[in-house]
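Taking it in order: structure first as structure tokens, then the write-up.
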Amino acid sequence: MVDKEKMPERRKPSAKAGKEAAPKTSCLVAVRLRGNAGVSKDLRATLNMLRLRRRHNAVVLYSKPDTLGMLRKVKDYITWGEADKTLLKALLAKRCRPLGTAELTAKYLKEKLEAPSIEKLAEMIERGEIPLAKLWAAGIPTVFHLHPPKGGFKRSLKRPIADGGELGYRGKEIASLVSKMT
């Protein structure tokens with residue numbers, strides 16, 4: 056027979072556990088830095104799922120566990136970090152080419168997404184208020200074709216950031232790289 060006095064007390068689930076707020080989704084920008092030579096099939100498939108099919112392409116993503124897992128898997132070919140409003144505004148204004156038009160304009164945004172300006176759209180994307188699928192449905196691609204960085208890469212494209220390279224997670228410093236590439 057088990058002595059009830061010596062058994063550990065069981066905790067009841069708290070009321071707060073079920074009512075936790077949903078985590079804030081952050082907006083990420085991933086840039087492919089290396090090409091297709093020597094890439095295995097499964098890594099190439101992961102890069103395709105991320106829509107990073109060519110070198111110097113950038114893509115806007117939302118931070119989710121599955122997305123972060125894919126980014127970590129292909130960390131030897133890309134770099135990524137959190138995007139802020141100014142970075143998203145620069146990408147949308149300079150490198151976004153909607154389907155059927157030469158550039159993204161306020162008139163186009165009002166017709167398709169009911170957003171008054173590029174700045175407001177950048178804020179909505181940064182906060183995660185607008186799904187990326189809705190952008191695609193409106194004809195606004197979330198893949199941006201960039202130039203090689205002005206002044207070149209300062210470090211090796213074969214090493215992670217922690218070892219003095221350019222690859223992997225770089226946090227807020229992604230803005231400086233992307234600004235050199237737009």
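Counting from 56, one number per residue, gives the positions in the sequence shown under our numbering. From the three backbone atoms N, C-alpha and C, an ideal C-beta is built for every residue, glycine too.
Helix, strand or coil at residue i [DSSP, three-state]
i, result
"A92", "coil"
"L116", "strand"
"G11", "Only positions 56 to 237 of the chain appear in the structure, and residue 11 is not among them; the question remains open."
"R99", "helix"
"A76", "Note that A76 scores a pLDDT of 40, beneath 50, so its modelled location is shaky and nothing firm can be said."
"R110", "coil"
"L123", "helix"
"K130", "coil"
"K71", "Note that K71 scores a pLDDT of 46, beneath 50, so its modelled location is shaky; the value from the coordinates is reported in the next line. K71 falls in the helix class under three-state DSSP."
Residue i: first and last residue of the uninterrupted beta strand (DSSP E) it sits in
i, result
"T134", "133-137"
Check whether residue i and residue j have beta carbons under 8 Å apart
i, j, result
"L159", "I185", "no"
"E228", "G155", "no"
"I180", "L143", "yes"
"N129", "L88", "According to the sequence as given, residue 129 is Val; it is not Asn. No, the Cβ-Cβ distance between V129 and L88 is not below 8 Å."
"P215", "M236", "no"
"A85", "L105", "yes"
"L176", "L168", "yes"
"L190", "T134", "no"
"L147", "V233", "no"
Unbroken alpha helix (DSSP H) run spanning residue i, endpoints
i, result
"R87", "Careful: R87 lies outside any alpha helix (DSSP H), inside the beta strand (DSSP E) at 82-87."
"K149", "140-150"
Runs of alpha helix (DSSP H) lying entirely within the stretch 165-236, each at least 4 residues, in chain order: 173-182, 187-192, 229-236
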